[in-house]
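Have a look at the structure below, then the notes.
This is the structure:
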């Protein structure tokens, strides 16, 4: 950890020196996120102010209530009533009927498996915390990965003959709500692991609570640097932002040959700012420049239509979009305003259906660094089962959520206890072959591995007219073993 600290300090010094060379104070503001933005506390949901214990319970469910309220069938609604009444046989029957109408419903799959496990008795419980009220599409992507893993594990007899139950929780990507949910999950001693959270800010807020409570949390999607080494019970199956940012920066400078790059980020989001800092460090170290263009998605007076022209005026030949989940629409607005004038690049947040659907020709050619793409290292069994369950292979969030659930299952096999799971995952010899390849953890809880570059191009898979296609296999950004 000392070596890592020295490396980070060197990066800060280089960045500070580079900022000093710029005439615009705005660049320093955007890199370090300390000035000229809205107060982060004001962006949080007011829900946290009135979250009683009962209110938190209403955000959680094994099958007794519906959390994903969009597009539900009468059978699913009746199934939750049967589940609440402990009529698990009836619940399974009704959920099966509901799935005949909508096979793509991950909540129904999880509840059906939960009901089967409850009917059998002596199950093992974990939780999946997702932003149902914050970003429903992303919540569903993560839940599909969890549901697929749960279904496959239970079809094979569970863990030591005990089926897995998954308690779904909705934190809306709100750090304060995430804390309350973490407190409740720690109290529920039957919960042996948590798959979550989604947003880095939520994971960082909840991490000390899981650490103090001795409950393993495995985030499939949180990438901020601040999560690294935050606690011995905290892990992630997505690469850290350092890996994805370095990979994209190397490609932007060395392959795409861009010399002056403008960057848009969200100063209220840790993952977004971590990405910007790491990307800037790599670009400067490689001999290119980051322009003085101020592009902060969190600014109260943010105007997407002005950004590309400002960047061009500042001499930019490329534009990087690194939004948080909550600011993805603003990033797409910038892409639309760009009208293909500047070459575009993005963080893995931009790997979303909304980008393709809304961006269309304006995002054509954008290159992203992401955790996974099936064409790079997709496990064939995982891909086959995904197609059977969902009619498609999903994206990196679904795959890393699947892996997080499988990793928790693998760690619980020898002894289904909280502390035993932590010891198993922390063991230097632990390794698991998942959907996204081999999974090993560094002492920091980070996943050892590399990022993958993808490019938006015309295609038929997504149904939008554009697809995320593999650009090249992971070749850089590997984390060193500390």
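Residue numbers (the numbering used here): 65 to 546.
Here a beta-carbon is modelled for each residue, glycine too, at the ideal position from N, C-alpha and C.
How about residue 33 and residue 191: do their beta carbons lie closer than 8 Å? Missing from the structure shown is residue 33; the chain here goes from 65 to 546 and no further.
Whole angstroms are fine: how far does the CA of residue 326 sit from the CA of residue 336? Take the alpha-carbon of residue 336 and the one of residue 326: they are about 14 Å apart.
By the three-class DSSP mapping on this structure, what secondary structure does residue 283 have? DSSP places residue 283 in strand when its eight states are reduced to three.
According to DSSP, is residue 534 helix, strand or coil? Residue 534: strand per DSSP, three-state reduction.
Neighbourhood of residue 294 by C-beta distance below 8 Å, restricted to the same chain and skipping five residues each side: The residues are 268, 271, 272, 275 and 509.
According to DSSP, is residue 227 part of a helix, a strand, or is it coil? Coil, per DSSP.
Of the choices 385, 503 and 313, whose alpha-carbon is the least far from that of residue 353? Of the candidates 385, 503 and 313, 313 places its Cα closest to the Cα of residue 353.
Here's a check: name, in chain order, each residue in its chain whose Cβ is nearer than 8 Å to the Cβ of residue 286, leaving out the five neighbours to either side. Correct list, in chain order: 261, 262, 263, 264, 266, 267, 268, 300, 302 and 335.
What's the gap between the Cα of residue 502 and the Cα of residue 311? Rounded to the nearest angstrom, the two C-alpha atoms are 19 Å apart.
Quick check on DSSP: helix, strand or coil for residue 247? Assignment of residue 247 by DSSP, reduced to helix, strand and coil, places it in the helix class.
In this structure, how does DSSP classify residue 383 when only helix, strand and coil are distinguished? In this structure, residue 383 counts as strand in the three-state DSSP scheme.
Reducing DSSP to helix, strand and coil, say where residue 160 ends up. In the three-state reduction of the DSSP assignment, residue 160 falls in the helix class, which pools H, G and I.
Which residues in the same chain have their Cβ closer than 7 Å to the Cβ of residue 438, if we skip the five residues on either side of it in sequence? Here the set comprises 447 and 457.
Inter-residue CB distance, residue 254 and residue 189 (contact presumed, cutoff 8 Å): Residue 254 to residue 189, Cβ: 5 Å. Contact.
According to DSSP, which residues form a beta bridge with residue 125? Residue 125 is bridged to 232.
So, are the CB atoms of residue 452 and residue 205 less than 8 Å apart? Cβ atoms of residue 452 and residue 205: not closer than 8 Å.
Could you check if residue 450 is buried or exposed, using at least 16 other CB atoms within 10 Å of its CB as the buried criterion? The residue is buried, with at least 16 neighbouring Cβ atoms inside 10 Å.
Can you look up residue 522 in the DSSP assignment and give me helix, strand or coil? Residue state, collapsed to three classes: strand.
For residue 324, which residues from the same chain have a beta carbon less than 6 Å from its beta carbon, with the 5 sequence-adjacent residues on both sides left out? For residue 324, where only same-chain residues beyond five positions count, the Cβ hits under 6 Å are 353, 355, 379, 380 and 381.
So for residue 475, helix, strand or coil by DSSP? For residue 475, the three-state secondary structure derived from DSSP is helix.
I'd like to know whether the C-beta atoms of residue 161 and residue 169 end up nearer to each other than 8 Å. Their beta carbons are not under 8 Å apart, which means residue 161 does not touch residue 169 by this criterion.
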